[in-house]
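First comes the structure, then the notes that go with it.
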């Protein structure tokens, strides 16, 4: 009886305490991101990038006098799970914004949740064009990732310069693989009409044995291969391709998009990397083009306690950066105002200024491209010269 | 008509894949055949075998024949882990409801794979091919890597050795008897507990060896355990659960169907494998070489 009275008193007291001023409450950001299974390769470092940004900005007092609080959830790279997590973050954790998702299945699914709840959602990694296609676009969805159109066309520009006519493609049979391959093929045919697509292989997402596909492809005698086999899967694919002499047969006329040339991939393969191929990456610690980038890499290296910090952290970092700048610009944390502030917003990111277009809520995020070489400074292959391909001219 | 050199290369890649699947599925089939437990965590042993080998390679390197040391060492580590798991956990499952067995082995798979993630992180790991096998043969216009050939020869060698042990040795007779009637075997004075532990250790060794030997051909990443367990299940379902040569045959069929499937159904070759499995289940639910369960 006594205890119950105490409880009631406490409850009443809790209601009597005047609501704390907005200034003291943190701005809550929900981040559904794959943190288990193979996609955690990117999900985890991207989350760390967002965390680093939040720690840094909180140390400076946050925005509008309020600190950020990041709530991460494992979306398991599954659209249904990502939706469930996003709903829970909004309803239970009362997050103010969503920044997150990785695969091209999760992004569009969470976008629908953002639309229903009228909450700003910034997608830092999914590339499928469908995320910001006219019929899917709504006032609350934004993307700071690259797109399949940008990536496919950037690769086509590089392949068009090679002395090759017979080109083949190797991609996973799902949204990202199909979209980026289509963009590549269409653009290549447009800028170099003499090119012939001699073979297209479509292994299932996550394939472990590429030999049958490589054999079938090489039987068609291509002179160049475009691949979008990504992440750890590229390690498996390229090891098997190298063993049967594919890269030699192609005279290294091979381009791997889907971040085949990240420092992480090159590092994990060491001398086994098919040095001489072309590839891309969102970031590379050795790029060091600007003072801002060098500074970012130094801070990240310290934060991750890694001499060669991840190239994926940048996407979580930039996603949060856009959100913080938009809140500042809107002078509010209301999603409606922040969404308006994001339109046309330009942010000085570690990779240079990026702008979110009003037309399709898409940032002009390009990627680093280059031919891989061994550099005596590092125990693995790097892109050299590494070039940031500005995507503005590839965006419709 | 496809180019003969291509057909040859394709069948070789199918054979390589088949031998790996055999190594893994054999352990799965052995545990089911003798212990009557469907071990969902077997794929995790395969993954841990790859990680253990990677770790040993980090310490020892792959040159000068040391790859073989690391591969066998990795497999032995998994065998030891298997011994502990059987002795302290698995033993409580025998004769229990199948649902409990499945839940337990599934939980074990989740726990072990999370433990692997804590130790080795989420980044992909890669092991180089042993320098003595990095070359390739040029046969009939196709390039066959030495390492693949080694795997193709190793598979039947292990199968044969295994079969000889099962058929010609006293331990083999005990194992076969244990599969048929555990209680009678115990009544005849055989230490069944030790026998079961031995079988589990052997099966774990095979799974670990599969992971160890595959590490030069693939990336070692979290999640490779669940991928392989599905394939291994398909193999044993086609071949017959608990049937030794059935597993071998199932693996061979799986490899070739997948390899040549992409010629006929370029985007649905995995479908061909599952269609085959469904057909086998309809016609012979106990698998090609399996025996109907009571």
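Chains as they are written, first to last, in the working numbering: chain W, 1 to 396; chain C, 1001 to 1294.
For each residue, glycine too, the CB sits at the ideal point set by N, CA and C.
Please state whether the Cβ-Cβ distance between residue i and residue j is less than 8 Å.
i	j	result
residue 125/W	residue 315/W	yes
residue 1053/C	residue 1070/C	yes
residue 241/W	residue 233/W	no
residue 30/W	residue 122/W	no
residue 369/W	residue 278/W	yes
residue 341/W	residue 354/W	no
residue 216/W	residue 192/W	no
residue 1163/C	residue 1104/C	no
residue 130/W	residue 175/W	yes
residue 1038/C	residue 1032/C	yes
residue 394/W	residue 154/W	yes
residue 179/W	residue 205/W	no
residue 357/W	residue 146/W	no
residue 110/W	residue 133/W	no
residue 98/W	residue 86/W	yes
residue 1255/C	residue 1021/C	yes
residue 1219/C	residue 275/W	no
residue 107/W	residue 33/W	no
residue 38/W	residue 103/W	no
If we count the other Cβ atoms within 10 Å of its Cβ and call it buried at 16 or more, is residue i buried or exposed?
i	result
residue 349/W	buried
residue 1004/C	exposed
residue 1279/C	exposed
residue 1167/C	exposed
residue 1111/C	exposed
residue 21/W	With a pLDDT of only 49 at residue 21/W, under the threshold of 50, the placement of this residue in the model should not be trusted, and no figure is reported.
residue 1027/C	buried
residue 44/W	buried
residue 1199/C	buried
residue 1183/C	exposed
residue 298/W	exposed
residue 231/W	buried
residue 1138/C	exposed
residue 209/W	buried
residue 227/W	buried
residue 1089/C	exposed
residue 24/W	exposed
residue 290/W	exposed
residue 73/W	buried
Whose C-beta lies closer than 8 Å to the C-beta of residue i among residues of the same chain, with five residues either side of it excluded?
i	result
residue 198/W	166, 167, 168, 220, 221, 222
residue 48/W	303, 304, 310, 313, 316
residue 1196/C	1034, 1035, 1086, 1091, 1094, 1178
residue 397/W	Nothing can be reported for residue 397/W, as the shown portion of chain W is limited to 1 through 396.
What does a CB cutoff of less than 7 Å around residue i pick up in its chain, not counting 5 residues either side in sequence?
i	result
residue 1116/C	1047, 1048, 1051, 1222
residue 53/W	317, 320, 321
residue 253/W	162, 164, 223, 224
residue 1289/C	1239, 1240, 1243, 1245, 1246, 1249
residue 137/W	360, 361
residue 1277/C	1234, 1237, 1238
residue 386/W	284, 287, 368, 370
residue 41/W	231, 232
Output needed for residue i: all residues of its chain with C-beta closer than 6 Å, excluding positions within five of it in sequence on either side, in chain order.
i	result
residue 1212/C	1049, 1053, 1071, 1074, 1075
residue 382/W	286, 375
residue 1059/C	none
residue 1108/C	1041
residue 96/W	27, 28, 333
residue 258/W	228, 230
request  = Using a Cβ-Cβ cut-off of less than 8 Å, give me the residues of the stretch 346–379 of chain W that come near chain C, in sequence order.
outcome  = So nothing in the stretch comes that close.
Against chain W: residues of the stretch 1248–1263 of chain C by CB proximity under 9 Å = For the stretch 1248–1263 of chain C, residues whose beta-carbon sits nearer than 9 Å to a beta-carbon of chain W comprise 1255, 1258, 1259, 1260, 1261, 1262, 1263.
message = Check whether the stretch 182–198 of chain W and the stretch 1240–1258 of chain C touch, using three or more Cβ-Cβ pairs below 8 Å as the test.
response = Not touching, per the Cβ criterion.
query = How about the stretch 1117–1133 of chain C and the stretch 1224–1234 of chain C: do they share at least three Cβ pairs that are nearer than 8 Å?
reply = By the Cβ criterion, the stretch 1117–1133 of chain C is not in contact with the stretch 1224–1234 of chain C, since fewer than three pairs of Cβ atoms, one from each stretch, lie closer than 8 Å.
key: Chain-ordered residues of the stretch 1111–1128 of chain C with a beta carbon less than 9 Å from chain W   = Residues of the stretch 1111–1128 of chain C that bring their beta carbon within less than 9 Å of a beta carbon in chain W comprise 1113, 1114, 1117, 1121, 1122, 1123, 1124, 1125, 1126, 1127, 1128, in sequence order.
ask   = Just by C-beta distance, which residues in the stretch 1178–1191 of chain C are closer than 7 Å to chain W?
value = From the stretch 1178–1191 of chain C, no residue has a Cβ closer than 7 Å to chain W.
message = Measuring CB atoms only, is the stretch 1255–1273 of chain C touching the stretch 1008–1016 of chain C, in the sense that at least three cross pairs come out at less than 8 Å?
response = Yes, the stretch 1255–1273 of chain C is in contact with the stretch 1008–1016 of chain C.
key: the stretch 200–218 of chain W contacting the stretch 1264–1279 of chain C, beta-carbon criterion three pairs below 8 Å   = With the cut-off at 8 Å, the stretch 200–218 of chain W and the stretch 1264–1279 of chain C touch.
request  = Return the residues of the stretch 1036–1065 of chain C that lie within a Cβ-Cβ distance of less than 7 Å from chain W, sorted by chain order.
outcome  = Of all residues in the stretch 1036–1065 of chain C, none comes within less than 7 Å of chain W when Cβ atoms are compared.
task = Determine which residues of the stretch 173–204 of chain W have a Cβ less than 9 Å from any Cβ of chain C, and write them out in chain order.
result = Within the stretch 173–204 of chain W, the qualifying residues are 173, 200, 201, 202, 203, 204.
Within 8 Å of chain C by C-beta, residues of the stretch 236–255 of chain W in sequence order = Correct list: 236, 239, 240, 243, 244, 245.
query = Looking at chain C, which residues of the stretch 262–276 of chain W have a Cβ within less than 8 Å of any of its Cβ atoms?
reply = Listed by position along the chain: 264, 265, 268, 269, 270, 271, 272.
ask   = For the stretch 1211–1236 of chain C, which residues have a beta carbon sitting closer than 7 Å to at least one beta carbon of chain W?
value = Per Cβ criterion, the list reads 1217, 1218, 1219, 1221, 1222, 1223, 1227.
ask   = Residues in the stretch 1265–1283 of chain C with C-beta within 8 Å of chain W's C-beta atoms, listed in sequence order?
value = Of all residues in the stretch 1265–1283 of chain C, only 1266, 1267, 1269, 1270 come within less than 8 Å of chain W when Cβ atoms are compared, listed by chain position.
ask   = Using Cβ-Cβ distances below 7 Å, what residues of the stretch 207–223 of chain W are close to chain C?
value = From the stretch 207–223 of chain W, only 208, 209, 211, 212, 213, 215, 216, 219 have a Cβ closer than 7 Å to chain C.
ask   = Along the stretch 296–327 of chain W, what residues have a CB closer than 8 Å to any CB found in chain C?
value = Correct list: empty, as no residue qualifies.
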